[in-house]
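Okay, structure first, notes after.
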Amino acid sequence: ITEVLVDGRNETDPNLWVGRTSTNKIVNFSSTDDLQAARFLNVRIVKAYRHTLEGEVTGG
Numbered sequence: 160i161t162e163v164l165v166d167g168r169n170e171t172d173p174n175l176w177v178g179r180t181s182t183n184k185i186v187n188f189s190s191t192d193d194l195q196a197a198r199f200l201n202v203r204i205v206k207a208y209r210h211t212l213e214g215e216v217t218g219g
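The sequence shown maps to residues 160 to 219 in this note's numbering.
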């Protein structure tokens with residue numbers, strides 16, 4: 160689980176959100192909430208790709 164700063168909606172898939180870790184890694188994740196940019200969330204990384212990570216928002 161890592162803290163992610165929300166950037167906004169994913170430009171290519173509006174069902175996903177995009178954010179960045181403290182080490183500037185890009186994380187794509189889904190959320191049913193209407194999130195605000197510049198908010199921090201805890202995200203569990205579930206898959207790593209060449210240039211991005213895939214995650215899911217955790218409850219805490």
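Every residue, glycine too, gets a C-beta built ideally from N, C-alpha and C.
| Cβ pair count under 8 Å reaching 3, the segment 205-218 against the segment 165-172 | no
| said: Taking the alpha-carbon of Thr191 as reference, which of Val163, Thr182 and Trp176 has the nearest alpha-carbon? | reply: Within the sequence shown, residue 191 is the residue found at index 32, counting from 1. Among Val163, Thr182 and Trp176, the Cα nearest to that of Thr191 is on Trp176.
| Buried or exposed (CB count within 10 angstroms, at least 16 for buried), Val205 | Walking along the sequence shown from the start, residue 205 turns up at place 46. Classification of Val205: exposed, given that the 10 Å Cβ count is below 16.
| request: Under the assumption that Ile160 contacts Val202 (Cβ atoms under 8 Å), give the Cβ distance between them as a whole number of angstroms. | output: Translated into positions along the sequence shown, residue 160 becomes position 1. Translated into positions along the sequence shown, residue 202 becomes position 43. Confirmed, about 7 Å.
| request: May I ask you to report which of helix, strand or coil DSSP gives Asp166? | output: Working through the sequence shown from its first residue, we reach residue 166 at position 7. Residue state, collapsed to three classes: strand.
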